[in-house]
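*Asks:*
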Amino acid sequence: MAATAADSATSTISAADTTAHLADLKHDAVEEPSSSSKSEEKIASEIEIGNLTINESNNKFFHDPESSNIKTITSGDTPYASAFTFEELNLLPELLKGLYVEMKYEKPSKIQAISLPMILKPPYLDLIAQAHNGSGKTACFTLGMLSRIDPKLKAPQAFCICRTRELAIQNLEVLRKMGKYSGITSECAIRAGFGNEIHTGKKQTIRPPITSQIVIGTPGTIRHRIRANKLSLSYLKILVLDEADHMLAEDGFKDDSVHIINKIRCVNPQCQVLFFSATFNETVKEFAAKIVKGNHNQLFVKKEELSLQSVKQYKVNCPDELAKVMVIKDRILEFGERVGQTIIFVRTRNSAITLHRILVEIGYDVTTIQGALKQEDRDKIVKEFKDGLTQVLISTDLLARGFDQDQVNLVINYDLPVKHNHPTEPDCEVYMHRIGRAGRFGRKGAVFNLLCSDADKTIMTKIENHFGTEIAEVPDWRNEKDFVVALRSAGLL
DNA sequence: AAAAAAC
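So the first sequence is numbered by the working numbering: it starts at 280 and just counts up by one.
1. Straight-line CA distance for P358 to K542?
2. Could you tell me the distance, in whole angstroms, from the CA atom of L371 to the CA atom of R504?
3. Give the straight-line distance between the Cα atoms of A360 and H538, rounded to the nearest whole angstrom.
4. What did DSSP end up calling E752 once you bin it into helix, strand or coil?
5. One question on the structure: do R470 and R444 come within less than 9 Å of each other, judged by their Cβ atoms?
6. So is D685 buried or exposed if we call it buried at 16+ other beta carbons inside 10 Å?
7. How would you write the range of the beta strand (DSSP E) that D609 sits in, first residue to last?
8. Closest to I691 by CA distance: which of Q649, R617, E708, V606 is it?
9. Tell me whether P387 is buried or exposed, calling it buried when 16 or more other Cβ atoms sit within 10 Å of its Cβ.
10. Indicate the three-state DSSP secondary structure (helix, strand or coil) for F720 in the structure shown.
11. Work out the CA separation of V671 and I613 for me, nearest whole Å.
12. Is it the case that the Cβ atoms of L774 and T421 are separated by a distance below 9 Å?
13. Buried or exposed: which applies to V380, given that a residue is buried once 16 or more other Cβ atoms fall within 10 Å of its Cβ?
14. Enumerated in chain order, which unbroken segments of the beta strand (DSSP E) with a length of 3 residues or greater are wholly contained in the segment 597-667?
15. How many angstroms separate the CA atom of G377 from the CA atom of A523?
16. My guess is that I349 and I407 are in contact by the Cβ rule of under 8 Å, so how many angstroms apart are they, rounded?
17. Rank K431, Q549, S426, Q620 by C-alpha distance to the C-alpha of K572 and give the top, closest one.
18. Taking the alpha-carbon of F746 as reference, which of A734, H699, P705 has the nearest alpha-carbon?
19. Please tell me whether L510 and V494 are closer than 9 Å, where the distance is taken between their beta carbons.
20. Whose C-alpha, out of Y514, H525, G531, L527, is nearest the C-alpha of G499?
21. Less than 9 Å separating the beta-carbons of N412 and M739?
22. Starting from K569, trace the alpha helix (DSSP H) in both directions and tell me its first and last residue.
23. Taking the alpha helix (DSSP H) that D735 belongs to, which residues open and close that run?
24. Where do the N-terminal and C-terminal ends of the beta strand (DSSP E) with C441 fall, by residue?
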């Protein structure tokens, strides 16, 4: 195996490498610096796949919430060393100031340490990057975009495509905060104003071409602006797909994403492409690898290691739907409200409306968000929740991915996520994203899965098997004490 | 209507 690796034109780096490692880059593997006498066994293992070399890397240098490994795959011959500090990344002083003063960052998280050198170092290879929920992916690509902008050139140089308008707005907020001292201009490209309202027939306003240096938007709008020649591709240096597995797989999103990428490749073949997500199933992984340019980098996490250690998962058997409602109100939220905010996920818009009505009827005030609401209402509900004015939010999978609110400690799956074309099969990716709304950046959290049929139990088991985890059961849905124990064991009470 | 984006 070592011979094949040495013979190949590829070189391998360890994400755990230190500066001392620079001299060692052509070697097959690097010892984990902190390893004991058993260091021989700790040597990074390499597997040859096609022209790619895989390197299992151990990185113990960051106090990251996750201790699990990120697998580095690199093709091409550019060596990369992880960044222990932001200074090593040769950022402009204005950006460093943004990181320290505005973002209050001290040093790179694990995914930032590994991915930022890959993003920022010529020849600016494409990157497929997977990392845990709440581990700092957004900062990776926002910093990547900001760093690559030529400040003197007032034209779009970076795009970020997001799955929902909420996510586009959230990412723009992060970018502007981080880039506060940089003078770099940015804007959202999302469909303004209307939700699902019917057009009034008002004449369209004539839109000027976009001059912002960074454009963050939803796929339909970006595609439309490009086609209308209002969004230039001529100076584009970097394209980011946030929640990339979703953007490349789901009906409606896939078409737009692929179309935009192809269009960019036509005009601007050397444009760097970054795919970021907490989840990449095997199918999407292969598809993504076909889309990126031949020489590219990949970072992956094993699905068994994707669960957040700081978030405790529970299942609760409920005899019927009413029991679910009672569990939410009288068992979980009774105590849960003291420890932070809660998101309750449901499967459909209708069950969001129904659950909202029932909870209000029995005297419990909640807010609800789903895609059929007008955009201004959606914005208001998100803002109230982010400002801490509301405590409990019911949501469809609209907020399942990417939504970042530190104070969310509790996630309740009123309905388990299932595949739309296969209602007996769980959607494990969505499950992982939902539970990732709690426990941001290593915070404590708890998830309650409410089950009320054999079908639910089967789906739950399939989820447990998929991630190789066992989910603890709350013994009796009627027993308040059982829930106190659960919350306490999650570190929340 | 699974939900989401958007013409």
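Here a beta-carbon is modelled for each residue, glycine too, at the ideal position from N, C-alpha and C.
Only a predicted model underlies this, so the values are computations on that prediction, with no experimental measurement involved.
*Replies:* Well, looking at it:
1. The straight-line gap from Cα to Cα measures roughly 30 Å.
2. 31 Å
3. Answer to the nearest angstrom: the Cα atoms are 34 Å apart.
4. strand
5. yes
6. exposed
7. Note, D609: premise wrong, no beta strand (DSSP E); not H, not E.
8. Measuring C-alpha to C-alpha distances from I691 to each of Q649, R617, E708, V606 identifies V606 as the nearest.
9. buried
10. helix
11. A quick correction: the sequence has Glu, not Ile, at residue 613. C-alpha separation (whole angstroms): 12 Å.
12. Past the boundaries of the shown model lies residue 774; the chain is included only from 280 to 772, so the question cannot be answered.
13. exposed
14. 620-624, 646-648
15. The C-alpha of G377 lies about 26 Å from the C-alpha of A523.
16. I349 to I407, Cβ: 12 Å. No contact.
17. Q549 is the residue among K431, Q549, S426, Q620 whose C-alpha sits nearest the C-alpha of K572.
18. P705
19. Their beta carbons are under 9 Å apart, which means L510 touches V494 by this criterion.
20. It is G531 whose Cα lies nearest to the Cα of G499.
21. no
22. Counting along the chain, the alpha helix (DSSP H) containing K569 begins and ends at 561-570.
23. Counting along the chain, the alpha helix (DSSP H) containing D735 begins and ends at 733-746.
24. Note, C441: premise wrong, no beta strand (DSSP E); not H, not E.
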